[in-house]
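This report concerns only the one structure given below.
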Amino acid sequence: MADGTYIATALAAAVAITFALRAAPFALKAALRDSGLVTDIGRWMPLGAVSILAAYCLSSIDVSGAGHGIPELTGVAVTVATHWWRRNAVLSIVLGTAACIVLANWLLP
Amino acid sequence: MTSIGAIPTGTRKRSDFLAVTRDVGVVWASLFALGIGFGVLVTSHDLPWWLAPVISATMFAGSVEFLLIGMLAAAVPIAAIATTTFLVNSRHLFYGLSFPLDRVKGRIAKAYSIFALCDEAYAIITSSDPATLTTRRISWTQLGLHFSWAGGALIGGLVGATMLSGVKGLDFVLTALFVVLTFDGYRAHRDRTTLILGAAAAAIALLIAPESMLLIAMILFTVALGVRHRTNRRNTDG
Numbered sequence: 001m002a003d004g005t006y007i008a009t010a011l012a013a014a015v016a017i018t019f020a021l022r023a024a025p026f027a028l029k030a031a032l033r034d035s036g037l038v039t040d041i042g043r044w045m046p047l048g049a050v051s052i053l054a055a056y057c058l059s060s061i062d063v064s065g066a067g068h069g070i071p072e073l074t075g076v077a078v079t080v081a082t083h084w085w086r087r088n089a090v091l092s093i094v095l096g097t098a099a100c101i102v103l104a105n106w107l108l109p
Numbered sequence: 001m002t003s004i005g006a007i008p009t010g011t012r013k014r015s016d017f018l019a020v021t022r023d024v025g026v027v028w029a030s031l032f033a034l035g036i037g038f039g040v041l042v043t044s045h046d047l048p049w050w051l052a053p054v055i056s057a058t059m060f061a062g063s064v065e066f067l068l069i070g071m072l073a074a075a076v077p078i079a080a081i082a083t084t085t086f087l088v089n090s091r092h093l094f095y096g097l098s099f100p101l102d103r104v105k106g107r108i109a110k111a112y113s114i115f116a117l118c119d120e121a122y123a124i125i126t127s128s129d130p131a132t133l134t135t136r137r138i139s140w141t142q143l144g145l146h147f148s149w150a151g152g153a154l155i156g157g158l159v160g161a162t163m164l165s166g167v168k169g170l171d172f173v174l175t176a177l178f179v180v181l182t183f184d185g186y187r188a189h190r191d192r193t194t195l196i197l198g199a200a201a202a203a204i205a206l207l208i209a210p211e212s213m214l215l216i217a218m219i220l221f222t223v224a225l226g227v228r229h230r231t232n233r234r235n236t237d238g
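These protein sequence lines map, in sequence, to chains A and B.
For the record, in the first sequence the residue sitting at position 24 is 24 according to our numbering, with numbers rising by one throughout.
For the record, in the second sequence the residue sitting at position 205 is 205 according to our numbering, with numbers rising by one throughout.
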């Protein structure tokens with residue numbers, strides 16, 4: 001059983017570091033208010049960041065495991081196809097996830 | 001949370017909440033399900049159940065919380081916990097540069113928005129139509145994510161390894177979310193260069209440092225944007 005003081009200190013450190021990392025760029029941005037670089041980064045970063053997050057999720061699909069990644073890859077295909085078809089983010093996410101869950105739990109367990 | 005000054009009364013509040021629920025309710029639901037998984041993980045490490053909602057509510061940083069549980073259970077030194085948190089969450093350094101904090105009015109609402117700036121909040125809010133971004137919309141989006149995650153952790157910690165924890169594939173929601181946001185982000189501006197730079201940064205990071213892929217990819221991508229900025233400026237100057 002873990003010691004309370006240790007857990008409280010560890011959690012406080014982790015929370016403080018997380019908040020500082022989230023707050024730091026806003027302070028930096030205030031210092032660089034009229035910088036064209038910040039404007040350009042603001043324009044390009046959102047698409048770059050979501051594409052990196054998507055690549056991260058896709059790369060963590062385990063193709064050597066039980067289902068050989070088939071549920072997840074099918075889920076990606078369903079998500080993209082639905083989004084191409086209806087351009088409705090919620091519908092695409094729900095159908096893609098449903099396909100993945102059904103395959104992972106009942107069809108390819 | 002009633003102290004958030006930005007949340008008003010009346011019907012506009014209600015319609016903003018409903019609009020946000022319609023747009024991101026599915027992501028809230030998925031964070032709730034993932035939160036249950038986190039709560040189950042906490043109790044399975046012989047840590048007290050209430051630690052799950054406490055960590056989720058105070059840190060609100062999914063991936064590092066999963067790592068933190070293993071480290072707390074193994075009683076690793078605080079310095080190791082601090083270093084891991086710093087490395088895993090360093091990618092947040094790149095979010096604030098483009099997050100529309102100027103759309104959030106009021107000191108408390110701004111502070112909360114920075115505190116609750118997780119990957120999902122950044123991705124959803126920067127991908128939204130800028131015209132719809134108000135203090136209330138942004139606050140509701142983040143409060144919903146935060147409460148879903150902490151609420152799920154509470155239920156998971158209390159209920160333990162039953163119910164949804166046996167269902168595989170729930171975390172696929174986040175994969176689908178980021179795929180959809182990439183699709184929409186590209187469609188909005190047809191900015192092929194950004195997409196290629198992002199994909200290249202991700203591929204290189206996966207090759208050279210798969211364990212810290214997100215951080216390395218964000219650094220490479222930001223350096224590439226710096227080079228792109230200089231090249232663009234040189235071209236327009238000359």
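Where is the CB? At the ideal position from N, CA and C, for every residue including glycine.
- Listed by position along chain A, the residues whose Cβ is nearer than 8 angstroms to that of D191 (chain B) are W44, L47.
- For F86 (chain B), the enclosing alpha helix (DSSP H) begins and ends at 78-89.
- By the C-beta density criterion, S59 (chain A) is exposed, having fewer than 16 other C-beta atoms within 10 angstroms.
- Non-local C-beta neighbours of L103 (chain A) in its own chain, meaning closer than 8 angstroms and more than five positions away in sequence, comprise G67, I70, P71, T74, G75, ordered along the chain.
- Going by beta carbons, D184 (chain B) and S127 (chain B) fall inside the 8 angstroms limit.
- A straight-line Cα-Cα distance of about 44 angstroms links D16 (chain B) and V76 (chain B).
- Going by C-alpha positions, F99 (chain B) is about 29 angstroms away from L207 (chain B).
- Three or more beta-carbon pairs separated by less than 8 angstroms are not found between the stretch 185-201 of chain B and the stretch 87-105 of chain B, which leaves the two stretches without contact.
- Put simply, of B:F115, B:V223, B:Y122, B:A205 the residue whose alpha carbon is nearest the alpha carbon of A55 (chain A) is B:A205.
- In this structure V15 (chain A) is not in contact with M71 (chain B), their Cβ atoms being roughly 14 angstroms apart against a cut-off of 8 angstroms.
- In this structure, G156 (chain B) sits away from G25 (chain B), with a CB-CB distance that is not shorter than 8 angstroms.
- Judged by DSSP in its simplified three-state form, N88 (chain A) adopts coil rather than helix or strand.
- For D3 (chain A), the closest alpha carbon among the candidates B:A57, B:I78, B:G35, B:V27 is that of B:I78.
- For A75 (chain B), the three-state secondary structure derived from DSSP is coil.
- It is roughly 6 angstroms from the alpha-carbon of A121 (chain B) to the alpha-carbon of Q142 (chain B).
- Nearest to L31 (chain B) by alpha-carbon distance, out of B:N235, B:L220, B:W149, B:G198, is B:W149.
- In this structure, A224 (chain B) places its C-beta atom within 8 angstroms of the C-beta atom of L197 (chain B).
- For a Cβ distance threshold of 8 angstroms, residue set S30, G169, L170, F172, V173, A176 of chain B lies close to T97 (chain A), ordered along the chain.
- With a threshold of 8 angstroms between beta carbons, A31 (chain A) makes no contact with chain B.
- In this structure, DSSP gives W49 (chain B) a state outside helix and strand, which the three-state scheme calls coil.
- In this structure, DSSP gives F60 (chain B) a state outside helix and strand, which the three-state scheme calls coil.
- Under the criterion of beta carbons closer than 8 angstroms, G144 (chain B) and W28 (chain B) qualify as touching, at roughly 5 angstroms.
- Close to V104 (chain B), with beta-carbon spacing below 8 angstroms, lies no residue of chain A; the smallest spacing is near 11 angstroms.
- Here DSSP, grouped into helix, strand and coil, assigns P100 (chain B) to coil.
- In the DSSP annotation of this structure, the continuous segment of the alpha helix (DSSP H) that includes L37 (chain A) starts and ends at 36-59.
- Residue range 135-159 is occupied by the alpha helix (DSSP H) that includes S139 (chain B).
- Any Cβ of chain A closer than 8 angstroms to the Cβ of V159 (chain B) would place that residue at the interface, and such an atom is absent.
- Counting only the Cα atoms, A123 (chain B) lies some 18 angstroms from V94 (chain A).
- Taking the CA atoms as reference points, R233 (chain B) sits about 52 angstroms from A74 (chain B).
- For D119 (chain B), the three-state secondary structure derived from DSSP is helix.
- Between R137 (chain B) and A24 (chain A), the alpha-carbon positions lie close to 24 angstroms from each other.
- When C-beta distances to chain A are compared with 8 angstroms, the residues of the stretch 43-59 of chain B below that value are D46, L47, L51, V54, I55, T58, M59, in chain order.
- Using beta-carbon distances, R233 (chain B) counts as an interface residue toward chain A, with a partner under 8 angstroms.
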